[in-house]
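J.:
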Amino acid sequence: MTSDLPDPAELGAVVVGVDASPHARAAALWGAAEAELRGQPLGIVHAADIEGRSVLTSAETLQALWDTARDVLDETARA
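So in the working numbering the end of the sequence shown lands on 1361, straight run, no missing numbers.
1. From A1306, L1319 and E1292, pick the residue whose C-alpha is nearest to that of A1329; which is it?
2. Are there 16 or more other CB atoms within 10 angstroms of the CB of G1313, so buried, or fewer, so exposed?
3. Measure from the alpha carbon of V1354 to the alpha carbon of each residue in G1294, G1299 and D1289, then state which is nearest.
4. Going by DSSP in three states, G1299 sits in which element: helix, strand or coil?
5. Relative to the C-alpha of A1359, which candidate in A1310, G1294 and A1295 has its C-alpha closest?
6. Which class does G1325 belong to by DSSP, given the choice of helix, strand or coil?
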């Protein structure tokens, strides 16, 4: 029997979006296992909604958002 599904190794990187929640950590751990199973790299991403705020937001606030995002990614990567 043949399958129309692609070989998992041909699908490319596994990408997981995270925030600071326990569910996001679980998703990242699942993504890491899936990436290892496929023999593919894992990408971990975090986003912040700043649309319309960049003009009204101070540089310090934007830096704080950036620092928080970096902390979330670093903590998730260590999991």
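Where a beta carbon is used, it is the ideal one built from N, C-alpha and C, also for glycine.
T.: So, from the listed chains and residues:
1. Selected option, being the one with the closest Cα: A1306.
2. With 16 or more Cβ atoms within 10 Å of its Cβ, G1313 is classed as buried.
3. Closest by alpha carbon: G1299.
4. In the three-state scheme derived from DSSP, where H, G and I count as helix and E and B as strand, G1299 is classed as strand.
5. Minimum Cα distance to A1359 is reached at A1310.
6. Correct three-state label for G1325: strand.
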